[in-house]
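Chains as they are written, first to last, in the numbering used here: chain A, 1 to 921; chain B, 922 to 1162. For reference, the structure is listed below as structure tokens.
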Amino acid sequence: MSKADEEKKSYSSVFLLAVALLLATAIWIVWDDQISRRPWKKYQYEFSEMQIDRAKAEVTAEQKRLDDSSDYQTVVEELREARQGTEGGETGAAISELSSREAAARIVFDDADFDLRLVKSQIEEAWYEFEHAELMHVDTTGPKHHLEELEAKKVATEARVAEAQARLDQILNEKEEIFSVVETLEKQKKEMESGLGRLEQNVEGLVIPVGPFEFPKIPKIQQVVLNEFDRNAYNQPLARVDRCTSCHTGINKDGFEDAEHPFRTHPDRKLYLGTHSVEKFGCTPCHQGQGPAVNSPEQAHGWVKHWLDPMYQGDDVQAGCIGCHDNVRIEGAETIALGEKLFEQVGCVGCHLVDGYGDLPKIGPYLRRVSAKVDADWLVDWVKNPHEFRPRTKMPNFYFDQAEAEAIAGYILASSAKEGEEWLASHPAPGGIDSSDAALVAKGAELADSLGCRGCHGLAPGESPALLGDSKDIAPNLGNIAEKANQRWMYHWLKNPRGYSPEARMPSLRLSDDEAKALVSYLGTLGEPAGSDDAATRDRLLDADNVAEGEALVRKYGCAGCHNIPGMEAESRIGVELSVFGSKPLEELFFGKRTDIPHTWKDWTYNKINEPRIYETDRIEQVMPHFALSEEDIDAILVFLASRQEAKVPEAYKLADRQREQALVDGLRVIEHYNCVGCHVINDQGGAILARYEENPSLGPPILNGEGAKVQSDWFYSFLKQPVPLRPWLKIRMPTFGVSDDEARKIVEYFAALEGIDSPFVHIDQAALSPEYVEAGKLLASVDYFSCYTCHQQGERKPEGPEEGWAPDLAMASERLNPDWIVEWIKDPQALMPGSRMPAFYDFSDDSPDGPDDVLGGNDLEQVKALRDYLLTLGSMPVAAAPVVADPERVEPAAMDQGTDGTASSETSNAAAPETVQVEG
Amino acid sequence: MLNFRMIAQSAALTLGAALVSTAAIAYEGGAVAGGGSIKGTVKFKGEAPAQEVLDVNKDKKVCAVGEKKSNELVVGADGGIRYAVVSLTNISKGKAFPEGESILDQAGCEYLPYIVIVPTGSELVIKNSDGILHNIHTYSDKNKAVNRAQPKFKKKIKESFAEPEMVKVTCDVHGWMKGWLAVVDHPYYVITDEKGAFELTDVPAGEYEIKVWQEKLGESTQKVTVAGGAEAAVTFELAAK
């Protein structure tokens, strides 16, 4: 091709193509930048339209309501008429006449006012003249006279001004009277329309008006900035930015509960967003995800490869609670609370260290003396698979074979032989236990029923009174205990659990020898005693090689994580530390050869707990045992493990009262360790045993809601250390747990923290109590008024009738009860303890007096305070012999209590004196 | 003609009054013209147990007046059960509530009567004729539980109940005391006498379900047809559970 040809050649088509391509690319770039990568714009437009439509509908509805409201129409009509009235006719004429009179009166007033001001300045001038004359020592008579004249003129002018003012005011008042009707009506109308006005403003706030058109607001990124929430690799504070509300437009607005995602209102907005304002906490501290990402829902939710914190959904969100809340036993955090409880109590902490959970007591029984307790054949079977004997036991299954189980049993028996023998030597076999004696067994069964054993233990296979999650029992089910433990051990254990195991969680029920014998005779009927040759089995198991093999296994499988075993005192936890397990990247999780399990943190962990050896390969051995937990329990543990994050939440985001939080956590651990909630309702939880007392709840263990406000801390502490019977009519017995000083303190502080009490101390100054009130209280308590001692005990003075009809000893009130609580209690017992037998003597829900009108002027509240003051004096009353009352009718009740005591039993009093005296004295 | 006007006016008046006083209640009470009645007995099936003697162990001077027996199951000589509550379950319109107040008295440490019929929303007058401390402790599912003291100086207190229900009343001071409140939303309730007999009068003609309730023996229902001016007969037989 020649050069000329080359120059003549047309490139227009190429250019056209290039231009078209560039144009298309430019359009594509703009489109992509403004629309494809901005999905939130579409959502905001849609939401705006939805909001505008709703707001307009509300305006229309309100308008319709007003149109249909006869009240509103009446006001409108009356206003119209009133306005018309002022414009013509008689009223109109009156108004115009008043107006012209007003104008005239104003002229008179202005004139007088001007004159007054003039006189005042003339007086100033006259003063000057007068003082000047004085200083110049010339004659001052003239100026003085002039001054006096002007003062008189001022007085006269002031009177003129006042008169003109009064006249004007009168005219204005008359005018106002005529207009006031209109004004009142206008005000009424405005009030009625206020709702409409607000709704119209709502609409105005949502749109941008352009001429006759209205446009929705221009979408923009919505974001919450959490200053210094995160830390970078160099531990420098970073802000966290959450842009979730750019799409989740209705998340913090009422009324979008049924809208589609992403517009929907938060499913539990009041609970979660009400206490965690979105402006302060944003979204990702609880939910995780990729806060700043807005290009696609997948990115924003963190559902992309290599993003470490994908968004939590459903109950998994609760993993976020524990970052700020030390105490998660709160509303809305039930799943993580269960997960934490299981993690602490099922035994996970025995092998896996987690920050903050390292110092918990060992979960399993004390094995230092176990050779004195169990049947050897039973022990082998138990080690082999504990779930076989007790399906709901916390002890996991290690999948041992027969030889391994025998080796472990051998080591356990051998290592505990010495301490077991010593214990046996000081705990001889008791006589009088006989499981074939039907009467004795029946007595034992009755005791087991009534003492409260069922607060913790099931006594028949399958009976689970104290649940740990869904699949475990807190205390062993004793339905087949005869197969396991010998009766000698049972007897001494029941009498004093700490005498066998210094770590025992089982309390002493302060049983008499006979009670313990009856109970053991009964327990001996639960299940078949082993009947095998225990001695022969022991001989075989105690073979030195077997024991040595057992020792190695006990070490390898970390038995000492949960049990106190002789020779294993120095063993440490064998499992991986899980303190930041929730942040563990997927690459560090070993899936073995399992390709069928989805590669996510959650799937790995679920399967690990559900089937602990699932990732085992020929090369990699795994030793974690099988806990046989339900799906629900595993899910709860997963939430707890997910909460173990590397990133720590800054202090500013945590609850302010850390001390209270700590008291709640520490106290609850002790309470759960001893399973106090097996019998008592505490903080509205527990008390399953009360189901057995539905017929008469007052025979069951007391409900301890609000106990921190009720009792004095000193008393409570002593009571925990050494319980004394408070309610002699109860068959169920508050056991002696042998809590340590530290444990007792934690329990007391827990109850105080629950009630939000900072300083739990109470001082009662007996001398400061008003004698008048104490006397009045004494009178009120007497038989002529409230007759308190018909039911209440006071020291040795007992009420009539059987014990189950009695009420607590009032002599204990001053050292046991909080004075403020006494007042609240007397005011409304049912409010503090629903179902209580204590009746209400007053009704403070209305103002009408309920108490007697001849005590303290019939003032109910003062009477209640008087009763309190009287009760506070009771413990300190001198005890003397009952006075001989010659004529009881003449004795004033107030005088009669003086120096009386309870030594006279009701029978003697009955015989000696009429009813009044007996109850009084 | 005059007669008709009078009846119509008085009916309208009573109806109006009833509507005002029981605005919240579905039952409509008024004059019943040409109604019939239901008469019958509640009988015990099987061998009648003896009445349990109560242990009066407190405030004996006031309370131990004669031997006290439990009223939980009282069977007469011919097998009639006393203190059973018979009622119609499906009536929404009929006679007005009888005039006068419902009274529960505590006398000799007993509730008199053992079962009191209390219309919903009306005031129950609770008397203390004993002059010693009693308390009124109610057990109910639908109404608010009440536990009020009634000391010596309070001869009379009042209480009302919103929902129809059988409410147990006990006194925690005197463990043996027990009574019942039949809180009712229409007047077709009756308590059987010592022979187990009962009668419901002024029942508008129609078909009804009739129910008996007894605290130990439970409930039982039957169908009954009432014709104007006639007497329908019903017999219940209740066996121990």
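Backbone N, C-alpha and C define an ideal beta-carbon position, used for all residues, glycine too.
Whole-angstrom distance between residue j and residue i, CA atom to CA atom
i: residue 822 of chain A; j: residue 1134 of chain B; result: 42 angstroms
i: residue 72 of chain A; j: residue 66 of chain A; result: 6 angstroms
i: residue 77 of chain A; j: residue 201 of chain A; result: 26 angstroms
i: residue 989 of chain B; j: residue 1095 of chain B; result: 13 angstroms
i: residue 212 of chain A; j: residue 182 of chain A; result: 35 angstroms
i: residue 19 of chain A; j: residue 10 of chain A; result: 15 angstroms
i: residue 569 of chain A; j: residue 408 of chain A; result: 17 angstroms
i: residue 802 of chain A; j: residue 1069 of chain B; result: 22 angstroms
i: residue 872 of chain A; j: residue 819 of chain A; result: 8 angstroms
i: residue 1047 of chain B; j: residue 675 of chain A; result: 44 angstroms
i: residue 131 of chain A; j: residue 169 of chain A; result: 40 angstroms
i: residue 835 of chain A; j: residue 1084 of chain B; result: 19 angstroms
i: residue 945 of chain B; j: residue 1128 of chain B; result: Only weak support exists for where residue 945 of chain B lies, its pLDDT of 43 falling under 50; the coordinates are left without a value.
i: residue 686 of chain A; j: residue 680 of chain A; result: 6 angstroms
i: residue 75 of chain A; j: residue 98 of chain A; result: 27 angstroms
i: residue 35 of chain A; j: residue 630 of chain A; result: 47 angstroms
i: residue 1072 of chain B; j: residue 875 of chain A; result: 25 angstroms
i: residue 313 of chain A; j: residue 337 of chain A; result: 17 angstroms
i: residue 1120 of chain B; j: residue 967 of chain B; result: 24 angstroms
i: residue 825 of chain A; j: residue 832 of chain A; result: 7 angstroms
i: residue 1167 of chain B; j: residue 962 of chain B; result: This structure cannot settle anything about residue 1167 of chain B, because the visible part of chain B is limited to 922 through 1162.
i: residue 1009 of chain B; j: residue 1090 of chain B; result: 24 angstroms
i: residue 520 of chain A; j: residue 437 of chain A; result: 12 angstroms
i: residue 7 of chain A; j: residue 15 of chain A; result: 15 angstroms
i: residue 955 of chain B; j: residue 1007 of chain B; result: 22 angstroms
i: residue 203 of chain A; j: residue 193 of chain A; result: 16 angstroms
Contact list for residue i against chain B, beta-carbon separation under 9 angstroms
i: residue 805 of chain A; result: 978, 979, 1093, 1094, 1095 and 1096
Boundaries of the beta strand (DSSP E) in which residue i is found, first to last residue
i: residue 1088 of chain B; result: 1086 to 1091
i: residue 1122 of chain B; result: 1118 to 1124
i: residue 1058 of chain B; result: 1055 to 1060
i: residue 1131 of chain B; result: 1127 to 1135
i: residue 227 of chain A; result: 224 to 231
Residue span of the alpha helix (DSSP H) that contains residue i, given as start and end
i: residue 493 of chain A; result: 487 to 495
i: residue 54 of chain A; result: 39 to 68
i: residue 23 of chain A; result: 12 to 31
i: residue 820 of chain A; result: 819 to 827
Proximal chain B residues relative to residue i, where beta-carbon distance stays under 8 angstroms
i: residue 399 of chain A; result: Under the 8 angstroms cutoff, chain B gives no residues; its nearest Cβ is about 51 angstroms from residue 399 of chain A.
i: residue 790 of chain A; result: 979, 980, 1053, 1054 and 1094
Residue i: contacting residues in chain A (beta-carbon distance under 8 angstroms)
i: residue 1074 of chain B; result: 784, 785 and 852
Chain-ordered neighbours of residue i on chain A, where CB pairs are closer than 9 angstroms
i: residue 1068 of chain B; result: 829, 830, 835, 836, 837, 838, 839 and 840
Chain B residues whose Cβ lies nearer than 7 angstroms to that of residue i
i: residue 802 of chain A; result: 978
i: residue 60 of chain A; result: Per Cβ cutoff of 7 angstroms: no residues; residue 60 of chain A is ~34 angstroms from chain B at best.
The ligand MG heavy atom lying under 7 angstroms from the CB of residue i
i: residue 402 of chain A; result: Ligands displayed in this structure: none; no statement on the ligand MG is therefore possible.
Q) Quick one: any contact between the region 742 to 760 of chain A and the region 663 to 673 of chain A, if contact means 3 or more CB pairs under 8 angstroms? A) Under the 8 angstroms Cβ criterion, the region 742 to 760 of chain A counts as touching the region 663 to 673 of chain A, having at least three qualifying pairs.
Q: Decide if the region 603 to 618 of chain A is in contact with the region 575 to 591 of chain A; the criterion is three or more beta carbon pairs, one per stretch, under 8 angstroms apart.
A: Judged by Cβ distances under 8 angstroms, the region 603 to 618 of chain A makes contact with the region 575 to 591 of chain A, as three or more pairs qualify.
**Q.** Where the region 1036 to 1058 of chain B meets chain D: residues whose CB sits under 8 angstroms from a CB there
**A.** In summary, chain D is missing from the structure at hand, where the protein chains are A and B.
Q. Should the region 523 to 542 of chain A be regarded as contacting the region 318 to 329 of chain A, the criterion being three or more beta carbon pairs within less than 8 angstroms?
A. No, they do not touch.
Q | chain B contacts made by the region 844 to 866 of chain A, where a contact means CB separation under 7 angstroms | A | Within the region 844 to 866 of chain A, the qualifying residues are 852.
**Q.** At least three beta-carbon pairs within less than 8 angstroms, the region 860 to 875 of chain A to the region 770 to 780 of chain A
**A.** When Cβ pairs closer than 8 angstroms are counted between the two stretches, the region 860 to 875 of chain A is seen to touch the region 770 to 780 of chain A, the count reaching three or more.
Q. Which residues, in chain order, does the region 809 to 823 of chain A contribute to contact with chain B at a C-beta distance below 8 angstroms?
A. Against chain B - using a Cβ distance shorter than 8 angstroms - the region 809 to 823 of chain A contributes no residues.
Q) So does the region 647 to 663 of chain A actually touch the region 729 to 740 of chain A, counting three or more Cβ pairs closer than 8 angstroms? A) Contact check between the region 647 to 663 of chain A and the region 729 to 740 of chain A: fewer than three CB pairs, one atom from each, fall below 8 angstroms, which does not count as touching.
Q) Are at least three pairs of beta-carbons, each pair with one atom in the region 332 to 349 of chain A and one in the region 475 to 488 of chain A, less than 8 angstroms apart? A) No contact exists between the region 332 to 349 of chain A and the region 475 to 488 of chain A.
**Q.** contact_flag[the region 1048 to 1057 of chain B, the region 1014 to 1026 of chain B] where n(CB pairs < 8 angstroms) is 3 or more
**A.** Flag = yes, the region 1048 to 1057 of chain B and the region 1014 to 1026 of chain B touch.
Q. Taking a cut of 8 angstroms between CB atoms, which residues from the region 830 to 844 of chain A lie near chain B?
A. Answer in chain order: 830, 834, 835, 836, 837, 838, 839, 840, 841 and 843.
Q.
Using 8 angstroms as the cut-off, can you tell me whether the region 835 to 845 of chain A makes contact with the region 1053 to 1069 of chain B, which would need three or more C-beta pairs spanning the two stretches below that distance?
A. Touching, yes, given that three or more Cβ pairs across the two stretches are closer than 8 angstroms.
**Q.** Given 8 angstroms, three or more beta-carbon pairs between the region 35 to 46 of chain A and the region 239 to 250 of chain A
**A.** The answer is yes - the region 239 to 250 of chain A touches the region 35 to 46 of chain A, with three or more Cβ pairs under 8 angstroms.
Q: Could you tell me whether the region 342 to 362 of chain A touches the region 417 to 436 of chain A, where touching means 3 or more Cβ pairs closer than 8 angstroms?
A: They do not touch, by the three-pair rule.
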